[in-house]
Ligand SMILES: [Zn+2]
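Numbering (this note's numbering), first residue to last: 2 to 464.
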């Protein structure tokens, strides 16, 4: 009996405690300097009111009232921006050659089929790496068809960034070494029918965009296949993405309605016609300045010339990736490193050869012409690691001459536009999802201050 009374008393205490510690209805971020992602002047001593996963008010102290029953986070002296968007990644790729046997065949050690199956089953390590790096949305612009399924999985996962994915790519290439008999990254565009069916299939799967990997711009017959596919993309209400590193390819892509150009035009300076076409289409330009030299860094590591350096003070890179990069010199005896190529790897200077001069020139021309630019790393390619690579890309763009204030917009709003998710995120305004980052240092003074990350909020959850 005594025991029962004791239990009743305990229960009463527990109920009282539960009643007095109700969950707050709102989260308020108070006092920080706010960059809303639109490019407008920052708001000092700002207020951001969040209810559930949405922002309900943002602005100055006069503009937003702190509601009752709020959890107030004092962020005076800190800086808030929207969560970063990496508008160019590949989930099937690991950051090393095990997922790119076309670059260095190490399939004896790492069977490609197993590598890709692992990638499909384990995206969480990259989700964590992205969030840890302040990235709250990513665009996978090329992978196997399973990558399209990541969109919904990530949307429903509170610990994942938002994902958009295009799925397999249409290409003139035949029999790529990184295709499996059962699943493809590259779909050879051998007929109009191939293109139309691929567009219909991927669009029905829910792909965000249909990507072309190179287009044979000088070949009329081939271009008629591209046109047929482009027509179908319009019919499906999807968007056309093109990997074009040559000016003629890029212009042919634009004439067919491309709204997202990935990679810089690298062979020559862009001309007025290119700029005109891009402006008419409202095309977004994604320069990927550092990915090519990333390959060189990965080759140098594999050839045992220089270890691959991972600058990762926040420990965002997962163990498996870390090990992959650390054990790269096990391939020093690879036949690729016994030939004349090795000299190129030795002569590469990580300080001075990180970006291509034509890429820089064209980035500035595109910027000055007012073509919207999105930040994307091409993460997953050898030497370009998921998550942390965004800092290197941003810093390379800044060094190329893009002001930090504009880079904030390119890494937030423009990325969301490229992903076709601007209604949901990309700027900090009432009605949008609460995806934001809090920084110790001012990112508009130096974009490298994006590295001074303190907190990440994804879908209203603070990490
Ligand atoms: Zn890519």
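For every residue, glycine included, the Cβ atom is placed at its ideal position computed from N, Cα and C.
For clarity, every value in this text was computed on a predicted model and none was experimentally measured.
In chain order, what residues of the same chain have a beta carbon less than 8 Å from the beta carbon of residue i, not counting five sequence neighbours either side?
{"i": "residue 414", "result": "38, 39, 40, 83, 423, 427 and 428"}
{"i": "residue 156", "result": "163 and 164"}
{"i": "residue 381", "result": "90, 91, 92, 93, 94, 95, 96, 100 and 387"}
{"i": "residue 1", "result": "Only positions 2 to 464 of the chain appear in this structure, which leaves residue 1 out of reach."}
{"i": "residue 311", "result": "318, 323, 326, 386 and 389"}
{"i": "residue 356", "result": "290, 291, 294, 397, 400 and 401"}
Which same chain residues end up closer than 6 Å to residue i when comparing Cβ atoms and leaving out the 5 residues on each side of it in sequence?
{"i": "residue 365", "result": "402"}
{"i": "residue 269", "result": "248"}
{"i": "residue 49", "result": "30 and 59"}
{"i": "residue 213", "result": "171 and 243"}
{"i": "residue 445", "result": "405 and 406"}
Report the rounded CA-to-CA distance for residue i versus residue j, giving the unit in angstroms.
{"i": "residue 294", "j": "residue 70", "result": "51 Å"}
{"i": "residue 54", "j": "residue 435", "result": "6 Å"}
{"i": "residue 29", "j": "residue 217", "result": "53 Å"}
{"i": "residue 242", "j": "residue 210", "result": "6 Å"}
{"i": "residue 63", "j": "residue 73", "result": "16 Å"}
{"i": "residue 344", "j": "residue 107", "result": "20 Å"}
{"i": "residue 466", "j": "residue 143", "result": "The structure shown does not extend to residue 466, since the chain spans only 2 to 464, so no value can be given for it."}
{"i": "residue 118", "j": "residue 438", "result": "32 Å"}
{"i": "residue 433", "j": "residue 51", "result": "10 Å"}
{"i": "residue 290", "j": "residue 376", "result": "10 Å"}
{"i": "residue 145", "j": "residue 396", "result": "31 Å"}
{"i": "residue 333", "j": "residue 288", "result": "32 Å"}
{"i": "residue 341", "j": "residue 451", "result": "40 Å"}
{"i": "residue 404", "j": "residue 181", "result": "43 Å"}
{"i": "residue 222", "j": "residue 266", "result": "24 Å"}
{"i": "residue 353", "j": "residue 449", "result": "18 Å"}
{"i": "residue 254", "j": "residue 245", "result": "8 Å"}
{"i": "residue 231", "j": "residue 257", "result": "6 Å"}
{"i": "residue 197", "j": "residue 167", "result": "15 Å"}
{"i": "residue 309", "j": "residue 187", "result": "29 Å"}
Buried or exposed for residue i, please, with buried defined as at least 16 other CB atoms from any protein chain shown within 10 angstroms of its CB.
{"i": "residue 391", "result": "buried"}
{"i": "residue 431", "result": "exposed"}
{"i": "residue 457", "result": "buried"}
{"i": "residue 115", "result": "exposed"}
{"i": "residue 363", "result": "buried"}
{"i": "residue 400", "result": "exposed"}
{"i": "residue 264", "result": "buried"}
{"i": "residue 191", "result": "exposed"}
{"i": "residue 2", "result": "Residue confidence for residue 2 is low, a pLDDT of 40 falling below 50, so the modelled location carries little weight and cannot support an answer."}
{"i": "residue 252", "result": "buried"}
{"i": "residue 110", "result": "exposed"}
{"i": "residue 272", "result": "exposed"}
{"i": "residue 79", "result": "buried"}
How is the alpha helix (DSSP H) around residue i delimited, first residue to last?
{"i": "residue 122", "result": "113-122"}
{"i": "residue 374", "result": "Segment: none, residue 374 is in no alpha helix (DSSP H) and carries neither H nor E."}
{"i": "residue 359", "result": "358-369"}
{"i": "residue 344", "result": "342-348"}
{"i": "residue 409", "result": "405-411"}
{"i": "residue 81", "result": "Residue 81 -> not in any alpha helix (DSSP H); beta strand (DSSP E) instead, spanning 80-83."}
{"i": "residue 276", "result": "273-282"}
Considering only residues of the same chain and omitting the five flanking positions on each side of residue i, which have a CB-CB separation below 7 Å?
{"i": "residue 20", "result": "Residue placement at residue 20 cannot be trusted, given a pLDDT of 46 that sits under 50; what the coordinates show is reported in the next sentence. No residues qualify anywhere along the chain."}
{"i": "residue 383", "result": "96, 97, 98, 101, 104, 295, 296 and 299"}
{"i": "residue 393", "result": "291"}
Where does the unbroken beta strand (DSSP E) through residue i begin, and where does it stop?
{"i": "residue 30", "result": "27-31"}
{"i": "residue 458", "result": "454-459"}
{"i": "residue 75", "result": "71-75"}
Say the cut is 7 Å; is the CB of residue i nearer than that to a heavy atom of ligand 2?
{"i": "residue 227", "result": "Of the ligands one can find in the structure shown, namely ligand 1, none is ligand 2."}
With 8 Å set as the bound, which would you pick, yes or no: does the beta-carbon of residue i sit closer than that to a beta-carbon of chain C?
{"i": "residue 320", "result": "Absent here is chain C; the protein component of the structure consists of one chain."}
| 3 or more residues per run - each beta strand (DSSP E) lying fully within the segment 91-167 | Correct list: 136-141 and 163-166.
Considering only residues of the segment 207-260, which uninterrupted beta strand (DSSP E) runs meet the minimum length of 3 residues and lie entirely inside it, listed in chain order?
List check, beta strand (DSSP E) in window: 211-214 and 241-244.
Legend entry - Runs of alpha helix (DSSP H) lying entirely within the segment 175-206, each at least 4 residues, in chain order: If we require 4 residues or more, the alpha helix (DSSP H) runs fully inside the segment 175-206 come out as 193-206.
Run through the segment 36-66 for me and flag every whole alpha helix (DSSP H) of 4 or more residues, listed as ranges in chain order.
Here no run is fully enclosed.
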